[in-house]
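Trainee: I'd like to ask you about the structure that follows.
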Amino acid sequence: MNKHRIMIIDDHPLMRAGLRGLIEAESDMEVCCEASTAQEAMVGLREQTPDMAIVDISLSDSNGLELLKRIRSRNDDIKTIVVSMYEATMFAERALRAGAMGYVNKEEAVDVVVDAIRTVLAGSIYVDAETNKRLLWNMSGRSPSRDSDPIGQLSDRELEVFALLGKGQSTRDIANGLKLSVKTIESYRENIKTKIGVKTASELMRHAVQWVLENG
């Protein structure tokens with residue numbers, strides 16, 4: 005019997021080990037490779053061509069949303085599912101837009117994670133009931149306002165910059181990591197400040213660090 009080949013992309017070794025154990029306990033699944041960074045992931049995807057990639061939103065060298073887009077553009081046949089600590093209310097919709105077919109919180113029970121993986125391998129979308137309800141509201145054009153959550157107003161790239169700031173990276177570090185100019189990152193910083201309602205760099209950093217502590 006041919007097994008489903010699955011790649012795990014997560015920058016936490018313990019999380020990768022846990023997912024590997026969960027997957028390889030299933031008779032029809034196997035882990036073909038692992039990656040801790042987006043760069044390693046792209047190499048592994050090219051060399052192994054898995055059936056599925058399990059992606060974390062937060063990676064040391066990139067944002068999982070950007071990686072999802074790169075995977076979709078390189079090989080649309082590879083199914084992707086996000087398993088993350090970030091709340092689904094903010095990130096599930098972003099992940100689906102980026103190309104993921106499922107979103108699961110890391111705190112879910114083992115059987116829920118396995119069910120999500122099987123659902124996506126079968127070609128269907130997997131999200132929890134609350135996220136499904138939210139998506140249906142959005143489709144109806146009568147989605148509840150997200151004005152009370154300014155972070156939700158950030159674009160995917162702005163959110164990536166915001167998260168990297170919260171992890172202690174400087175503007176130059178972020179520019180080098182994302183292969184963008186310092187001027188471009190400074191522009192993103194200004195946009196973020198406007199959207200979240202802060203005026204100074206220190207306020208921005210304080211908000212970013214607090215957000216990462218609560219969500220990262």
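Mind the numbering: the sequence shown is residues 5 to 220 in the working numbering, read in order.
Note that the Cβ used here is the ideal one computed from N, Cα and C, for glycine as well.
Between residue 36 and chain C, is there a C-beta pair that is closer than 7 Å?
Mentor: Protein chains in the displayed structure number just one, and chain C is not present.
Trainee: Pick from 94, 93, 97 and 104: whose alpha carbon is nearest that of residue 77?
Mentor: When each option's Cα is compared against that of residue 77, the closest is 104.
Trainee: What are the partner residues of residue 130, as DSSP defines its beta bridges?
Mentor: According to DSSP, which records beta bridges pairwise, residue 130 is partnered with 106.
Trainee: Taking 6 Å as the limit between beta carbons, can you name the residues of its chain near residue 106, skipping five residues before and five after?
Mentor: Taken in chain order, the residues that qualify are 85, 120, 124 and 130.
Trainee: Figure out for me which residue from 80, 5 and 178 has the closest Cα to the Cα of residue 31.
Mentor: For the residues 80, 5 and 178, the minimum Cα distance to residue 31 belongs to 5.
Trainee: Tell me whether the region 200-216 and the region 166-174 touch, counting them as touching only if at least three CB pairs, one residue from each stretch, are closer than 8 Å.
Mentor: Yes: at least three Cβ pairs fall under 8 Å.
Trainee: Residue 15 and residue 66 - do their beta-carbons sit closer together than 7 Å?
Mentor: No; because the gap between Cβ atoms is not below 7 Å, this pair is not in contact.
Trainee: To the nearest angstrom, report how far apart residue 38 and residue 13 are at their CA atoms.
Mentor: Using only the alpha carbons, I get a separation of about 6 Å.
Trainee: Give me the Cα-Cα distance between residue 98 and residue 29, rounded to the nearest whole angstrom.
Mentor: Going from the Cα of residue 98 to the Cα of residue 29 covers about 30 Å.
Trainee: Alpha carbon to alpha carbon, how far is residue 110 from residue 79? Give it in angstroms, no decimals.
Mentor: Taking the straight line joining both Cα atoms gives about 26 Å.
Trainee: Can you check the region 30-67 for any beta strand (DSSP E) of at least 3 residues that lies completely inside it and give the ranges in chain order?
Mentor: For the region 30-67, whole beta strand (DSSP E) runs of length 3 or above, ordered along the chain, are 33-39 and 56-59.
Trainee: Comparing C-alpha positions only, which one of 41, 55, 73 and 154 sits nearest to residue 196?
Mentor: The shortest Cα separation from residue 196 among 41, 55, 73 and 154 belongs to 154.
Trainee: Per DSSP, what kind of secondary structure is residue 8 in: helix, strand or coil?
Mentor: In this structure, residue 8 counts as strand in the three-state DSSP scheme.
Trainee: Hey, out of 134, 193, 51 and 73, whose CA is closest to residue 168's CA?
Mentor: It is 193 whose Cα lies nearest to the Cα of residue 168.
Trainee: Rounded C-beta distance between residue 75 and residue 57? I'm assuming under 8 Å.
Mentor: Sure, about 6 Å apart at Cβ, within 8 Å.
Trainee: Take the Cβ of residue 217 as the centre, count every other Cβ of all protein chains shown within 10 Å, and call the residue buried at 16 or more, exposed below.
Mentor: Exposed, because fewer than 16 other Cβ atoms sit within 10 Å of the Cβ of residue 217.
Trainee: Distance check for residue 36 and residue 59, CA to CA, integer angstroms please.
Mentor: Answer to the nearest angstrom: the Cα atoms are 14 Å apart.
Trainee: Can you pull the DSSP bridge partners for residue 159?
Mentor: Answer is none; residue 159 lacks a bridge partner.
Trainee: Could you please give me the residues that DSSP links to residue 88 through a beta bridge?
Mentor: Answer by DSSP bridge pairing, in chain order: 109.
Trainee: Along the alpha helix (DSSP H) that carries residue 195, what are the first and last residues, could you check?
Mentor: Its alpha helix (DSSP H) spans residues 186-200.
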